[in-house]
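A.B. asks:
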Amino acid sequence: MPELPEVETSRRGIEPYLLNKTIKKIEIRQHKLRWPIPKNLPTLAEGQKVRGVYRRAKYIYLKLDSGNIIIHLGMSGSLRICTSKTPIEKHDHIDICVSNKKILRDPRKFGCVLWQADDINNHKLIKSLGPEPLDDIFTAEYLHTKAHKRQCSIKAFIMNSHIVVGVGNIYASEALFRSGINPKRKAGNISLSRLVKLVNAIKLTLKLAINEGGTTLRDFTGISGQPGYFAQKLLVYGRNGEKCTQCNETIKQFTQQARSTYYCTQCQK
DNA sequence: ACTTCGACCTGTTGGC
DNA sequence: TGCCAACAGGTCGAAG
Numbered sequence: 000m001p002e003l004p005e006v007e008t009s010r011r012g013i014e015p016y017l018l019n020k021t022i023k024k025i026e027i028r029q030h031k032l033r034w035p036i037p038k039n040l041p042t043l044a045e046g047q048k049v050r051g052v053y054r055r056a057k058y059i060y061l062k063l064d065s066g067n068i069i070i071h072l073g074m075s076g077s078l079r080i081c082t083s084k085t086p087i088e089k090h091d092h093i094d095i096c097v098s099n100k101k102i103l104r105d106p107r108k109f110g111c112v113l114w115q116a117d118d119i120n121n122h123k124l125i126k127s128l129g130p131e132p133l134d135d136i137f138t139a140e141y142l143h144t145k146a147h148k149r150q151c152s153i154k155a156f157i158m159n160s161h162i163v164v165g166v167g168n169i170y171a172s173e174a175l176f177r178s179g180i181n182p183k184r185k186a187g188n189i190s191l192s193r194l195v196k197l198v199n200a201i202k203l204t205l206k207l208a209i210n211e212g213g214t215t216l217r218d219f220t221g222i223s224g225q226p227g228y229f230a231q232k233l234l235v236y237g238r239n240g241e242k243c244t245q246c247n248e249t250i251k252q253f254t255q256q257a258r259s260t261y262y263c264t265q266c267q268k
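Residue numbering for the first sequence follows numbering that gives the first Met the number 0, starting at 0 and increasing by one per position.
(1) Among residues of its own chain, excluding the 5 on either side of I93, which ones have a beta-carbon nearer than 8 Å to its beta-carbon?
(2) If you draw a straight line from the C-alpha of Y58 to the C-alpha of S259, how long is it?
(3) By the DSSP assignment, the beta strand (DSSP E) with S77 in it spans what residues?
(4) Would E248 be called buried (16 or more neighbouring beta carbons within 10 Å of its own) or exposed?
(5) For the beta strand (DSSP E) containing G51, name the first residue and the last one.
(6) Give me the Cα-Cα distance between K108 and R177, rounded to the nearest whole angstrom.
(7) Assuming S192 and H161 make a contact with CB atoms under 8 Å, what is their CB distance in whole Å?
(8) Can you confirm whether the segment 7–18 touches the segment 73–81 when touching is taken to mean that 3 or more C-beta pairs between the two stretches lie within less than 8 Å?
(9) May I ask you to list the residues that DSSP assigns as paired with R258?
(10) According to the neighbour-count rule (16 or more other Cβ atoms, all chains shown, within 10 Å of its Cβ), is H147 buried or exposed?
(11) If we ignore side chains and look at the alpha-carbon of each, how far apart do E5 and T144 end up?
(12) How would you write the range of the alpha helix (DSSP H) that R217 sits in, first residue to last?
(13) Name the residue from I95, Y16 and M158 whose alpha carbon lies nearest to the alpha carbon of P132.
(14) Hey, how far is the Cα of D118 from the Cα of A44?
(15) Tell me which same chain residues have a C-beta within less than 7 Å of the C-beta of L32, skipping the five on either side of it?
(16) Given a cut-off of 8 Å on the beta-carbon distance, is the pair V163 and G129 in contact?
(17) So the alpha helix (DSSP H) V166 belongs to, where does it begin and stop?
(18) Quick one: Cα of Q264 to Cα of Y236, how far?
(19) Leaving out five residues before and five after A155 in sequence, what residues of the same chain have Cβ atoms less than 6 Å from its Cβ?
(20) I think G51 touches K38, with their Cβ atoms under 8 Å apart; what is that distance to the nearest whole Å?
(21) Look up L72 in the DSSP assignment and say whether it is helix, strand or coil.
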């Protein structure tokens, strides 16, 4: 489900409820997510103050004095703020309780909740990640160097978290459309000037989506259950058979790396 | 070193 | 209306 804008929307949503608050209790109903939630997480975290609510790639982490709680929402996860009266539903796997409760809900269990005792960047899942797309170090020159002689498609390339993080299936199609690049084109076969357009398109698309509270296709919601409004502004994703907003050509869909890609054959070369 | 692909799990959708 | 296959926002890790 969530790509970077949806994760950032979730982070911004929970931050005011958790920052500088003491974790009173952690209640785990379902340990079996993508990786098991550590059995001793309550012992490690209860009684500590939340010093920061951060995001790295699609991971949210809560910085405590003795370590970090790392949360990934997987494909279908969401976080919400609840009170003690909020009914617990089927896929509400873990509560992190301060004065209110924060609940991780994750129907498909592709997400995870983990503990990292020291610097978050030492964590196995995080240390090999590429740069943040909205960071200044993510440039066309960087992409150009990384793409040298790469045979994979440009879409697979920008979705590879070792190259750049946070670009998922929706925003990959959107950014490639905005930069006029055919998703099938080989990554190593794109000029620097076109990569300049691509990098700008990735940054712009993600920023616009964050401003809209993310994209709700079927079930993404912010912490209060509200949808994101960027779905209304998608230019190609999910629009196969419809007209291109720029040239009136019909938007096409095809499968790439077992994921749906949407593009305009006229605008993207 | 790079690329592809299966696996994880549940809910929803669309075609017959 | 009902059933069942196909598909869904992620990404690791094995295999080629």
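Ideal Cβ placement from N, Cα and C applies to all residues, glycine included.
C.D. replies: On the basis of the data shown:
(1) The beta carbon of I93 lies closer than 8 Å to those of I25, E26, I27, R28, Q29, I36, I102, L103 and V112 in the same chain, with the five residues before and after it left out.
(2) Cα to Cα, Y58 sits roughly 24 Å from S259.
(3) From DSSP, the beta strand (DSSP E) with S77 extends over S77 to C81.
(4) Classification of E248: exposed, given that the 10 Å Cβ count is below 16.
(5) Looking at the DSSP string, the run of the beta strand (DSSP E) that includes G51 is G51 to R55.
(6) In this structure, the straight-line span from the alpha carbon of K108 to that of R177 is close to 33 Å.
(7) Taking the Cβ atoms as the reference, S192 lies roughly 24 Å from H161, outside the contact range of under 8 Å.
(8) Judged by Cβ distances under 8 Å, the segment 73–81 makes contact with the segment 7–18, as three or more pairs qualify.
(9) Per DSSP, Q255.
(10) Burial is judged here by how many other beta carbons sit within 10 angstroms of a residue's own beta carbon; H147 has fewer than 16 and is exposed.
(11) Rounded to whole angstroms, E5 to T144 spans 29 Å at the Cα level.
(12) In the DSSP assignment, R217 falls outside any alpha helix (DSSP H), carrying neither H nor E.
(13) Out of I95, Y16 and M158, M158 has the C-alpha closest to the C-alpha of P132.
(14) Put simply, the backbone Cα of D118 is about 16 Å away from that of A44.
(15) Within the same chain, L32 has close Cβ partners H92, D105, K108, G110, C111 and V112.
(16) With contacts defined by Cβ atoms closer than 8 Å, V163 and G129 form a contacting pair.
(17) Neither: V166 is in no alpha helix (DSSP H) and is coded neither H nor E.
(18) Correcting the residue identity first, residue 264 is Thr in this sequence and not Gln. Their backbone Cα atoms lie some 14 Å apart in a straight line.
(19) Excluding residues within five positions, the ones whose Cβ falls inside 6 Å are Q256.
(20) Incorrect: roughly 25 Å between the Cβ atoms, too far for contact.
(21) Residue state, collapsed to three classes: coil.
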